[in-house]
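This report refers to the structure that appears directly beneath it.
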Amino acid sequence: MTGRPRTRLERVRASVGIAQLALQQIEDDLSADDVDGQEIAAILRELQEDVDHPGGLFPTLAQLLTVAARRAEQIEPDRDGDASCPLHEAAALLTDHAGQRLNWAARSLDPQGDPE
């Protein structure tokens with residue numbers, strides 16, 4: 096028996112649910128009694144730049160927001176930027192500000208693990 100196809104919003108909701116479960120696992124790992132500074136730094140670096148996959152969590156979220164902003168540019172009334180500009184700004188905040196702060200925290204916790 097074939098059910099009706101999922102709507103786009105249903106697929107997004109399911110994907111967000113999966114992402115939330117994955118992030119909960121990371122949160123659990125970060126709050127473990129035996130986690131040390133070096134391990135926290137490594138986890139923070141993974142969030143910023145995953146070595147096994149291109150990008151990382153923050154850059155991927157920023158890319159998602161940029162795609163949404165580009166689409167908003169095409170459909171927003173009067174092309175006034177009321178929707179697209181905040182999305183572009185949110186993407187920049189993730190990469191420029193949040194990402195940089197993750198790097199600083201990781202470097203502070205584990206200077207030896209700094210890739211630079």
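Per the working numbering, residue 96 is the first one in the sequence shown, and the count goes up by one each step.
Heads up, the beta-carbon is just placed ideally off N, CA and C, and yes, glycines get one too.
Residue environment, residue i, which counts as buried when at least 16 other CB atoms sit within 10 Å
{"i": "GLY194", "result": "buried"}
{"i": "LEU104", "result": "exposed"}
{"i": "ALA109", "result": "exposed"}
{"i": "LEU159", "result": "exposed"}
{"i": "ARG165", "result": "exposed"}
{"i": "GLN119", "result": "exposed"}
Rounded straight-line distance, which links the Cα of residue j to that of residue i
{"i": "SER179", "j": "THR190", "result": "17 angstroms"}
{"i": "PHE153", "j": "VAL107", "result": "18 angstroms"}
{"i": "ARG99", "j": "ILE113", "result": "21 angstroms"}
{"i": "ILE170", "j": "LEU156", "result": "21 angstroms"}
{"i": "GLY150", "j": "ASP128", "result": "29 angstroms"}
{"i": "GLU168", "j": "ASP177", "result": "9 angstroms"}
{"i": "VAL111", "j": "ASP173", "result": "31 angstroms"}
{"i": "THR102", "j": "THR161", "result": "22 angstroms"}
{"i": "GLN115", "j": "LEU142", "result": "14 angstroms"}
(request) Would you check if there are 3 or more beta carbon pairs closer than 8 angstroms linking the segment 116-125 to the segment 181-190? (result) As far as the Cβ criterion goes, the segment 116-125 does not touch the segment 181-190, which means the pair count is below three.
(message) Does the segment 134-144 come into contact with the segment 196-210, if we say contact requires no fewer than three beta-carbon pairs (one atom in each stretch) closer than 8 angstroms?
(response) These segments touch.
(request) Go through the segment 163-197 residue by residue and report every complete run of the alpha helix (DSSP H) that reaches 4 residues or more, in order. (result) You should have 179-187.
(request) Let me know the alpha helix (DSSP H) ranges lying completely inside the segment 102-161, each 4 residues or longer, listed in chain order. (result) As far as the segment 102-161 is concerned, its whole alpha helix (DSSP H) runs of at least 4 residues are 103-125 and 132-143.
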